[in-house]
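Chemist: Next up is a structure, given as structure tokens.
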Amino acid sequence: MQDTVQNDFTNDDGTFRSEPLQKQFAQMYYILHELRNRKNLAPAIVWARQHSQVLETRGSNLEFELCRLYFVCQYLGLDTSDTPVTSDPNGISGPLRAISYAQLAFGNFAARYTREINQLLGSLCFHSNLAQSP
């Protein structure tokens with residue numbers, strides 16, 4: 001692993017190349033900006049999907065947690081600016097959008113996070129009385 005990192009950031013003569021590292025920091029700051037200022041999970045989810053193998057090797061659940069958070073936002077009818085969505089252009093309510101997202105996103109996690117996915121989908125049964133549900 002150290003050899004790979006060293007090869008990524010040094011030239012053949014051993015001098016340090018900063019361009020790849022600068023690109024990674026720029027991407028990281030862009031993702032942080034989107035999360036903090038716009039409440040936009042999409043760039044973080046895209047990054048996590050692009051690095052899913054590395055994350056999984058390290059035992060990280062970051063990709064799933066980001067997808068779970070996006071599911072909850074869809075379920076509650078929140079858009080990226082954390083305000084309620086009053087009208088969906090397709091006429092789909094929050095729980096239906098959440099189901100649609102779950103079908104697309106959770107397939108890759110089914111083996112590892114079956115219990116968590118079942119809990120998320122089971123919560124849909126209590127949507128009409130969410131405040132008093134278990």
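So for the sequence shown, full-length UniProt numbering puts the first residue at 1; every next one is plus one.
For each residue, glycine too, the CB sits at the ideal point set by N, CA and C.
Among the residues of its own chain, which have a CB less than 7 angstroms from the CB of Tyr30, if the five just before and after it don't count?
Modeler: Reading the sequence shown from its first residue, position 30 is the one you call residue 30. If we look at Tyr30 and ignore the five residues flanking it on each side, its Cβ neighbours are Pro43.
Chemist: What does the alpha-carbon distance come out to for the pair Thr86 and Ser93?
Modeler: Numbered from its first residue, the sequence shown carries residue 86 at position 86. Numbered from its first residue, the sequence shown carries residue 93 at position 93. Low per-residue confidence applies at Thr86: pLDDT is 47, beneath 50, and the placement is therefore not dependable enough to give any value.
Chemist: Take Ser60 as the anchor and find which of Tyr75, His33 and Tyr113 has the nearest alpha-carbon.
Modeler: Position 60 of the sequence shown holds residue 60. Measuring from the Cα of Ser60, the nearest candidate turns out to be Tyr113.
Chemist: Can you have a look at Asp63 and say buried or exposed, based on whether 16 or more other CB atoms are within 10 angstroms of its CB?
Modeler: Counting from 1 along the sequence shown, the entry for residue 63 is found at position 63. First, the amino acid is wrong: residue 63 is Glu here, not Asp. Glu63 is buried by the Cβ-count criterion.
Chemist: Check the DSSP bridge columns for Leu76 and list the partner residues they point to.
Modeler: For the purposes of this step, residue 76 is identified with residue 76 of the sequence shown, where counting begins at 1. DSSP, once it has assigned bridges, lists no residue as partnering Leu76.
Chemist: How many angstroms separate the CA atom of Ser123 from the CA atom of Gly107?
Modeler: For this step, residue 123 is matched to residue 123 along the sequence shown. For this step, residue 107 is matched to residue 107 along the sequence shown. In a straight line, the C-alpha of Ser123 is about 18 angstroms away from that of Gly107.
Chemist: With the cut-off set at 9 angstroms, would you say Phe126 and Ala98 are in Cβ contact?
Modeler: Counted from its first residue, the sequence shown places residue 126 at position 126. Counted from its first residue, the sequence shown places residue 98 at position 98. Not closer than 9 angstroms, so no.
Chemist: Using 10 angstroms around the beta-carbon of Ala102, count the other beta-carbons present and answer buried if the total reaches 16, otherwise exposed.
Modeler: Locating residue 102 in the sequence shown gives position 102, where the first residue counts as 1. Result: buried.
Chemist: Measuring alpha carbon to alpha carbon, tell me which of Asp12, Lys39 and Ser18 ends up nearest Leu69.
Modeler: Working through the sequence shown from its first residue, we reach residue 69 at position 69. Here the closest residue by C-alpha is Lys39.
Chemist: Quick one: Cα of Arg17 to Cα of Gln27, how far?
Modeler: Within the sequence shown, residue 17 is the residue found at index 17, counting from 1. Within the sequence shown, residue 27 is the residue found at index 27, counting from 1. When rounded, the distance between both Cα atoms is 17 angstroms.
Chemist: Tell me which same chain residues have a C-beta within less than 8 angstroms of the C-beta of residue 157, skipping the five on either side of it?
Modeler: Given that the chain is displayed from residue 1 to residue 134, the structure contains no residue 157 and the question cannot be resolved.
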